[in-house]
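Q: First the structure, which I've put down as structure tokens, then a few questions once you've had a look.
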Amino acid sequence: MVQKFYGLSLKSTSATRLYTNLDIPETWDLLHSHSTEEILPKMMEIDKSTQGTMEDQMFYRRRTLQELTGIRHDNPTDQDFVFTTIATIDRLEENIQWWYMSCDVCNKICTKESDSYYCSYCNKYPDCATPRYRIRLQISDHTGTTSCTLFDEEAKRMLNTSVSVLLESLDGKSQEVPKVIQQLCGQRLIFRFKLNNKNLTLGMQNYAVKKTFVPDDKLEMQYLVDKEEEDLMDDEVDNMLKKGTTKLDEQAKKVT
Ligand SMILES: [Zn+2]
Numbered sequence: 000m001v002q003k004f005y006g007l008s009l010k011s012t013s014a015t016r017l018y019t020n021l022d023i024p025e026t027w028d029l030l031h032s033h034s035t036e037e038i039l040p041k042m043m044e045i046d047k048s049t050q051g052t053m054e055d056q057m058f059y060r061r062r063t064l065q066e067l068t069g070i071r072h073d074n075p076t077d078q079d080f081v082f083t084t085i086a087t088i089d090r091l092e093e094n095i096q097w098w099y100m101s102c103d104v105c106n107k108i109c110t111k112e113s114d115s116y117y118c119s120y121c122n123k124y125p126d127c128a129t130p131r132y133r134i135r136l137q138i139s140d141h142t143g144t145t146s147c148t149l150f151d152e153e154a155k156r157m158l159n160t161s162v163s164v165l166l167e168s169l170d171g172k173s174q175e176v177p178k179v180i181q182q183l184c185g186q187r188l189i190f191r192f193k194l195n196n197k198n199l200t201l202g203m204q205n206y207a208v209k210k211t212f213v214p215d216d217k218l219e220m221q222y223l224v225d226k227e228e229e230d231l232m233d234d235e236v237d238n239m240l241k242k243g244t245t246k247l248d249e250q251a252k253k254v255t
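Using numbering that gives the first Met the number 0, read the sequence shown as starting at 0 and increasing by one per residue.
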């Protein structure tokens, strides 16, 4: 019985988590592998990270930065690898411009050649090019530091303005960073990240931000209290198991 208990345990997470934290991807794998029912066709799958109340979304598979940056895929299955974390924006990464010009045909980045923009992907000068956000941020929490990128849709929503408007406000000095972007520094936010192959295989530390939330202090406090209690309960189970095995060992010694 104890053997089986250990058999189901996932990495460093103690076995009790299996019953309380069903959202971890490994658990879903495990459930699927034990299920006799057919897995729903892919088209029927829903993005669980965007389901439920705002509160559910804010705490969806919450991880610390240390945990997040350690995540790799152990097996190439269709896991969504979406997690949330709470972190503070320390600064903008200096070596990367906060916007880029995108090709209207393929949305990829265009390079400026004299007066027009060239798309190397389409191999031509597109009729139209649109500036889009690409804001690289350095973020940190009590466990670590990493880097992430805010793309057009979410940046537009957060800043409540478009790149074009901001560029106009700079009056031609497009190398400068508008105040509204500089003011992101120091903000503590919840980030929803979707990890990509480079994060998961090479451990590349640049994470795509899918959504941000303004944290609710009360909920965050409650989350920490709950987590602490959960950890304590896990410790209790660990201790019980340890005692159990020690007793078994003693019995085994007596027998021999
Ligand atoms: Zn193109």
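Don't be surprised by glycine CBs; every beta carbon is placed ideally from N, CA and C. From a predicted model like this one, the values you see are computed outputs, not experimental measurements.
Taking just the CA atoms, how far does T144 sit from Q65?
A: 8 Å
Q: Could you please give the first and the last residue of the uninterrupted beta strand (DSSP E) stretch that includes T84?
A: Membership of T84 in the beta strand (DSSP E) is indicated by the continuous run V81 to L91.
Q: Starting from V213, trace the alpha helix (DSSP H) both ways and give me its first and last residue.
A: In the DSSP annotation of this structure, V213 is not part of any alpha helix (DSSP H), being labelled neither H nor E.
Q: CA-CA distance, E36 and L194?
A: No answer about E36 holds up, because its pLDDT of 44 lies below 50 and its placement is not dependable.
Q: Skipping 5 residues on each side, what residues in its chain have a beta carbon closer than 6 Å to that of F212?
A: M57 and I189
Q: Cβ-heavy atom distance between C118 and ligand 1 below 7 Å?
A: Distance from the C-beta of C118 to the nearest heavy atom of ligand 1 is below 7 Å.
Q: Does the beta-carbon distance from V162 to R131 come in below 8 Å?
A: Annotated as proximal: V162 and R131, with beta-carbon spacing under 8 Å.
Q: Just tell me which of K209, L199 and S119 has its CA closest to the CA of D151.
A: K209
Q: Enumerated in chain order, which unbroken segments of the alpha helix (DSSP H) with a length of 4 residues or greater are wholly contained in the segment 176 to 205?
A: 178 to 181
Q: Considering Cα atoms alone, identify which of H141, G69 and W98 is closest to I85.
A: H141
Q: Just reading off the beta strand (DSSP E) that L136 is part of, what are its end residues?
A: A128 to D140
Q: Is M239 buried or exposed, if buried means 16 or more other CB atoms sit within 10 Å of its CB?
A: Under this definition M239 is an exposed residue.
Q: Are the CB atoms of I138 and T87 within a distance shorter than 8 Å?
A: Inclusion of T87 and I138 in the CB contact set at 8 Å is warranted, their separation being smaller than that value.
Q: R71: buried (16+ other C-beta within 10 angstroms of its C-beta) or exposed?
A: The residue is exposed, with fewer than 16 neighbouring Cβ atoms inside 10 Å.
Q: Please tell me whether D89 and P125 are closer than 8 Å, where the distance is taken between their beta carbons.
A: no
Q: According to the neighbour-count rule (16 or more other Cβ atoms, all chains shown, within 10 Å of its Cβ), is R156 buried or exposed?
A: exposed
Q: So, is S34 buried or exposed, given that buried needs 16 or more other C-beta atoms within 10 angstroms?
A: Only weak support is given to the placement of S34: the predicted model assigns it a pLDDT of 45, under 50, and the question is left unresolved by the model.
Q: Buried or exposed: E153, going by 16 or more other Cβ atoms within 10 Å of its Cβ?
A: buried
Q: What residues are listed by DSSP as bridge partners for C118?
A: K123
Q: Roughly how far, in whole angstroms, is the beta-carbon of R191 from the beta-carbon of T83, given that I think they are within contact range, below 8 Å?
A: About 5 Å separates the beta carbon of R191 from that of T83, a gap short enough to meet the 8 Å contact definition.
Q: Could you tell me the alpha carbon to alpha carbon distance between I108 and R62, rounded to whole angstroms?
A: 32 Å
Q: Does any heavy atom of ligand 1 sit closer than 7 Å to the C-beta of K107?
A: For ligand 1, a non-hydrogen atom lies closer than 7 Å to the CB of K107.
Q: Excluding the 5 residues preceding and the 5 following Y120 in the sequence, name in chain order all residues of the same chain whose CB lies nearer than 8 Å to its CB.
A: C102, C105 and K107
Q: Taking only runs that begin and end inside the segment 146 to 175, name each unbroken alpha helix (DSSP H) of 4 or more residues, in chain order.
A: Correct list: 151 to 158 and 162 to 168.
Q: Hey, how far is the Cα of N122 from the Cα of W98?
A: 21 Å
Q: Using beta-carbon positions only, say whether V176 and L158 come within less than 8 Å of one another.
A: no
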